[in-house]
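Numbered per the numbering used here, the sequence shown finishes at 243, counting up by one with no gaps. For each residue, glycine too, the CB sits at the ideal point set by N, CA and C. What you are looking at is a predicted structure, and each value in this text was computed from that prediction instead of being measured.
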Amino acid sequence: LRESRLQIMDSDDEEDSLDKYLKENQRLQEASLRLEQENDNLAHRLISSKVALRSALDQAEDKVDVLSKDLVFTQHELQVTQDQMRSKEEEATMLKDVFRKELEKADQNIQRSSGIIADYKQICSQLTERLERQQAAHRQEIDSIKVRMGTDNGAPQDSSRDGKEKESFKDQIRELEQELARTKLQMVEAKCKIQVQKDSVVPAPATTARSCTSTWGRCTQGAHRTGAVRSPKRHSTPSAGPV
């Protein structure tokens with residue numbers, strides 16, 4: 001009986017072990033299937049990742065080619081720009097030297113012209129004073145001549161002598177007026193020369209130069225006309241009667 005019980009217990013243990021092994025085997029098979037599925041999924045993901053990486057690598061290589069070309073072009077443009085900058089700097093340096101020389105020359109011209117202008121102003125001032133003195137002297141002489149002519153007209157004189165004296169007085173008046181006109185002309189010419197010197201120091205537009213030229217012409221022509229009007233032709237026959 002004891003042996004039969006032991007056999008029964010052994011058989012029960014064997015059945016339990018078999019069930020245990022079967023369950024373990026089933027669990028292992030399920031785990032294997034799960035691992036195979038996960039392996040397939042990982043393989044699929046790996047293939048997809050490889051494809052994506054290959055595509056990204058191709059795009060990166062294309063971008064590298066484009067960037068390399070852009071880099072070469074940019075380097076070329078940079079070289080051209082640097083060459084242009086050097087050329088511009090050399091040109092600027094040359095222009096600065098030219099400008100400096102022209103500025104020095106202009107300063108010298110200004111100093112020289114300032115001296116000339118000062119001389120002309122002094123001449124003009126002297127001519128103005130001389131003109132004023134001559135005008136005063138001429139007025140006095142004319143008044144004196146008129147007084148003498150009036151005095152001579154009050155006394156009985158020979159008509160021929162009276163006419164000659166009147167003609168002599170008229171000649172003196174004409175000479176005085178001519179000298180006055182010449183003095184005015186000299187003063188106008190001096191003023192015009194001062195204006196020309198100022199224009200040469202600071203260059204004016206062409207219209208201003210033409211205006212100055214026309215002004216010079218009008219000044220000189222006006223002075224000549226003044227002298228001509230005040231210098232009528234001498235009468236061939238003296239006046240016989242009193243003025």
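{"query": "Top-ranked residue by Cα proximity to Q250, from E90, D16, E36, K121", "result": "It is not possible to answer for residue 250, since the shown part of the chain is limited to 1 through 243."}
{"query": "Cβ-based burial, V188 [other Cβ within 10 Å; buried from 16]", "result": "buried"}
{"query": "I173 and I145 closer than 8 angstroms at C-beta", "result": "yes"}
{"query": "CB of T183 within 8 angstroms of CB of Q134, strictly", "result": "yes"}
{"query": "Beta-carbon proximity of L127 to A181, cut-off 8 angstroms", "result": "no"}
{"query": "Buried/exposed call for I47, threshold 16 Cβ in 10 Å", "result": "exposed"}
{"query": "Minimum Cβ-Cβ distance from L180 to chain C less than 8 angstroms", "result": "Among the protein chains of the structure shown there is no chain C, as only one such chain exists."}
{"query": "C-alpha gap between R45 and D70, whole angstroms", "result": "36 angstroms"}
{"query": "Which listed residue (A31, C192, E90, A60) has its alpha carbon closest to that of I117", "result": "C192"}
{"query": "Between the CA atoms of V98 and R86 - distance to the nearest angstrom", "result": "18 angstroms"}
{"query": "Span separating the alpha-carbon of Q73 from that of A52", "result": "Correcting the residue type first, residue 73 is Phe in the shown sequence and not Gln. Looking at the two C-alpha atoms, the distance is approximately 31 angstroms."}
{"query": "D119 versus R100: straight-line alpha-carbon distance, rounded", "result": "28 angstroms"}
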